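In the working numbering, the protein residues as written are 13 to 275.
The structure under discussion appears below in the form of structure tokens.
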């Protein structure tokens, strides 16, 4: 219990540092909450490569407009190297195809994952860095205030409890902090220095659900996801200024169903 208390205190401090919004210098604020419930689904395969090496391959699908429109596909490969029995170094490469905006993005992560177990309770603490590089996006989105590539820090904390051999409730929360928030509006690069949007959290998301273990190889997770995403946009109709910056936040709710195969 002493070790558990120390671990929880360490996690609380880390999340407080990362997930506390740092004031940005955006002049205006807007918030949008989707009325429809969206769908997150997909599958992943876990396999052993060698004594200390494991690999995870996954495909994630996102459906919007009340789960009727296929909008995004995330394809990822993650490798785990076990430094200790419950500590791993885990790089990841992921490609995002956004059908609604006709854009493609590459993501490169380096994670350190600590996963201690206490009888039926398992905690997951993950921290690391992310590089997100947009390969292409339409001209209509050129006015979006962003850096390319974007460098982020990420922190994840989760817990699961095995009620029985086949039922395991879980909950987690994850936050990202943008480390290079510059305005790269291409038509006038000099404005980068004037309208720097400051550091902010581009995303905070959480999941609450249950994992159903069919057998030692197959499982299905059912969950509810809350996703809070923030971005910056240029505007040309703000008071007497030729343009300004709007902070726009989106809140999305997802129903999730995900299949896992352990080889």
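We put the beta carbon where it would ideally sit given N, CA and C, even for glycine.
The model shown is predicted, which means the values in this text are computed figures rather than measured ones.
Looking at the DSSP output, residue 50 shares a beta bridge with 266.
Beta-carbon to beta-carbon, residue 164 and residue 141 are separated by about 7 angstroms, close enough to satisfy the 8 angstroms threshold. Within the same chain, and ignoring the five residues on either side of residue 94 in sequence, the residues whose Cβ sits closer than 6 angstroms to its Cβ are 64 and 100.
Taking residue 55 as the centre and dropping the five residues before and after it, the same chain places the C-beta of 70, 71, 270, 271, 272 and 273 closer than 8 angstroms to its C-beta, in chain order. Looking at the DSSP output, residue 182 shares a beta bridge with 172 and 221. For residue 80, there is no enclosing beta strand (DSSP E), as DSSP marks it with neither H nor E. Cβ-Cβ separation between residue 145 and residue 122: approximately 15 angstroms, too far for a contact (criterion under 8 angstroms). Taking residue 235 as the centre and dropping the five residues before and after it, the same chain places the C-beta of 219, 220, 221 and 268 closer than 7 angstroms to its C-beta, in chain order. Comparing alpha carbon positions, the residue from 162, 213, 138 and 225 closest to residue 177 is 225. The Cβ atoms of residue 187 and residue 171 do not sit closer than 7 angstroms to each other. For the options 193, 51, 60 and 92, the alpha carbon positioned closest to that of residue 73 is the one of 51.
Proximity to residue 49 across 81, 61, 77 and 62 peaks at 77, based on C-alpha coordinates. Ranking 181, 114, 79 and 57 by CA distance to the CA of residue 148 puts 114 first. In summary, residue 230 is exposed, with fewer than 16 beta-carbon neighbours lying within 10 Å of its beta-carbon over all protein chains present. Assignment of residue 211 by DSSP, reduced to helix, strand and coil, places it in the coil class. Under the three-state reduction of DSSP, residue 228 is assigned to coil, being neither helix nor strand. Nearest to residue 97 by C-alpha distance, out of 240, 116, 275 and 66, is 66. A Cβ-Cβ distance of about 15 angstroms is found for the pair residue 107 and residue 83, leaving them out of contact under the 8 angstroms criterion. By the CB criterion at 7 angstroms, residue 59 and residue 213 fall outside the cutoff.
Under the three-state reduction of DSSP, residue 127 is assigned to coil, being neither helix nor strand. If you ignore the 5 residues before and after residue 92, its C-beta comes within less than 8 angstroms of the C-beta of 65, 66, 67, 68, 100, 101, 102 and 125, all in its own chain and listed in chain order.
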